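>
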Amino acid sequence: MKLIGLLGGLSWDSTSLYYRMLNELTQKQLGGHHAARVLLHSVNHAAIKEAQSLRDTDAIVTILCEAGRSLKAGGADFLVLANNSLHQYAEQIEKACGLELLHISDATSSQVRQDGHQTVALLGTRATMEADFYAKRLKSGCGAKVISPELVERIEINRVIHDEIGRGIMRNGSREFVNQLIEKLCNRGAEAVVLGCSELTTLITPARDQIQFYDTTRLHAQAAVQRALEVSYA
């Protein structure tokens, strides 16, 4: 079993989801008392947030690359970055530490392509929804049209992610906003919704069997376990 280098703390809550899923999926594959081999480097999220507020890209890259090098030094065979939007720095991290980084967009696009959807909606932070590193890579990987909310809606969902659910705050008004937004995206032709932020799953109304959701965290974890165990998922 290969050693998964988990670059986490971004936030610690989403990292805990990754850790649980990696172990659940490993145990499901191997049975018994088996667990994933995981080496965690937990970054202080506040340092990333401060650098983002100052638009200090160099500081962000330095923090993430140092974490990647630490995981390599600890014996990790490959890296899993437990954050969607920070995948914009995936190439720098790979180059700095010389390890493969499993890109979350690749794990998602593979499943979307397998399911045959023609149009999917992408929800997440503004960086995730607007930058080429995610949306363009998702589109090229799955062949589907990728649509996102309007600008004012992207600004609001970005606020909800950073100021509320990223800090463990769940407001009914925000839940209603997200679900109405999904309805609007479906009316624009979306056949499925890619949840490009692990915490967004907590705001989705359960009774939505008419639309397929892609939990990128789970798909990413599945790809990591597949890589670690050299198995495949149906």
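Each number in our numbering corresponds to the 1-based position in the sequence shown with 67 added. Using N, Cα and C, we set each Cβ at its ideal position, and we do this for glycine too. If you're wondering where the values come from, they're calculated on a predicted model, not measured in any experiment.
Drop a sphere of 10 angstroms on the beta-carbon of residue 289, count the other beta-carbons inside from all chains shown, and report buried for 16 or more, exposed for fewer.
For the purposes of this step, residue 289 is taken as the residue at position 222 of the sequence shown. Under this definition residue 289 is a buried residue.
> Please tell me whether residue 75 and residue 85 are closer than 8 Å, where the distance is taken between their beta carbons.
On the sequence shown, position 8 is the one that residue 75 refers to. On the sequence shown, position 18 is the one that residue 85 refers to. The answer is yes: Cβ separation under 8 Å.
> By DSSP, does residue 256 sit in helix, in strand, or in coil?
Numbered from its first residue, the sequence shown carries residue 256 at position 189. In this structure, residue 256 counts as coil in the three-state DSSP scheme.
> Can we say the segment 243-251 touches the segment 215-230, given the rule of at least three CB pairs closer than 8 Å?
Because the criterion of three Cβ pairs below 8 Å is met, the segment 243-251 and the segment 215-230 touch.
> Just to confirm, is the Cβ distance from residue 92 to residue 261 under 8 Å?
Translated into the one-based positions of the sequence shown, residue 92 becomes position 25. Translated into the one-based positions of the sequence shown, residue 261 becomes position 194. In this structure, residue 261 does not lie closer than 8 Å to residue 92 by Cβ.
> Scan the segment 268-297 and note each continuous beta strand (DSSP E) run of 3 residues or more that stays entirely inside, going in chain order.
279-282, all fully within the segment 268-297.
> Is it right to say residue 215 is buried, meaning 16 or more other beta carbons lie within 10 angstroms of its own, or is it exposed?
Here residue 215 corresponds to residue number 148 of the sequence shown, with the count starting at 1. Looking at its Cβ environment, which holds 16 or more other Cβ atoms inside 10 Å, residue 215 is buried.
> Give me the residue from 272, 264, 269 with the minimum Cα distance to residue 283.
Looking up residue 283 in the sequence shown gives position 216. Nearest C-alpha to residue 283: 264.
> Pull up the distance between the alpha-carbon of residue 137 and that of residue 111, whole angstroms please.
By one-based count along the sequence shown, residue 137 stands at place 70. By one-based count along the sequence shown, residue 111 stands at place 44. Using only the alpha carbons, I get a separation of about 14 Å.
> If we count Cβ pairs, one from each stretch, closer than 8 Å, do we get three or more for the segment 151-159 versus the segment 192-200?
Enough Cβ pairs lie closer than 8 Å, so yes.
> What separation, rounded to the nearest whole angstrom, lies between the Cα atoms of residue 121 and residue 127?
Along the sequence shown, read from residue 1 onward, the residue named residue 121 stands at position 54. Along the sequence shown, read from residue 1 onward, the residue named residue 127 stands at position 60. If you take the alpha carbons of residue 121 and residue 127, they lie about 10 Å apart.
> For residue 186, which residues does DSSP report across the bridge?
Stepping through the sequence shown from its first residue, residue 186 is reached at position 119. DSSP, once it has assigned bridges, lists 212 as partnering residue 186.
> Identify which residue in 278, 270, 266, 277 has its Cα closest to the Cα of residue 78.
On the sequence shown, position 11 is the one that residue 78 refers to. Among 278, 270, 266, 277, the Cα nearest to that of residue 78 is on 266.
> According to the Cβ coordinates, are residue 176 and residue 153 closer than 8 Å?
Your numbering for residue 176 matches position 109 in the sequence shown. Your numbering for residue 153 matches position 86 in the sequence shown. Not closer than 8 Å, so no.
> Hey, how far is the Cα of residue 232 from the Cα of residue 147?
Locating residue 232 in the sequence shown gives position 165, counting from the first residue. Locating residue 147 in the sequence shown gives position 80, counting from the first residue. The straight-line gap from Cα to Cα measures roughly 22 Å.
> What first and last residue would you give for the alpha helix (DSSP H) that runs through residue 135?
For the purposes of this step, residue 135 is taken as residue 68 along the sequence shown, with counting starting at 1. Start and end: 124-140.
> Taking only three categories from DSSP, how would you classify residue 244?
For the purposes of this step, residue 244 is taken as the residue at position 177 of the sequence shown. It is helical.
> Could you tell me if residue 196 is buried or exposed, where buried requires 16 or more neighbouring beta carbons within 10 angstroms of its beta carbon?
For the purposes of this step, residue 196 is identified with residue 129 of the sequence shown, where counting begins at 1. Per the 10 Å Cβ criterion, buried.
> What's the gap between the Cα of residue 252 and the Cα of residue 219?
Working through the sequence shown from its first residue, we reach residue 252 at position 185. Working through the sequence shown from its first residue, we reach residue 219 at position 152. So the alpha carbons of these two residues sit roughly 14 Å apart.
> For residue 272, is the classification buried or exposed, using 16 other Cβ atoms within 10 angstroms of its Cβ as the cut-off for buried?
If you number the sequence shown from 1, residue 272 lands on position 205. Exposed, since its Cβ has fewer than 16 Cβ neighbours within 10 Å.
> Going by DSSP, what residue range makes up the alpha helix (DSSP H) through residue 219?
Residue numbering aside, residue 219 sits at position 152 when the sequence shown is read from its first letter. Counting along the chain, the alpha helix (DSSP H) containing residue 219 begins and ends at 218-226.
> Look at the alpha carbon of residue 296 and the alpha carbon of residue 182, and state the distance between them as a whole number of angstroms.
Position 229 of the sequence shown holds residue 296. Position 115 of the sequence shown holds residue 182. Each residue's alpha carbon lies about 24 Å from the other.
> Do you know offhand how far residue 236's Cα is from residue 242's?
Counting from 1 along the sequence shown, the entry for residue 236 is found at position 169. Counting from 1 along the sequence shown, the entry for residue 242 is found at position 175. Their Cα atoms are separated by approximately 11 Å.
> In terms of DSSP beta bridges, what is residue 145 paired with?
Here the question's residue 145 lines up with position 78 in the sequence shown. Looking at the DSSP assignment, residue 145 forms a beta bridge with 71.
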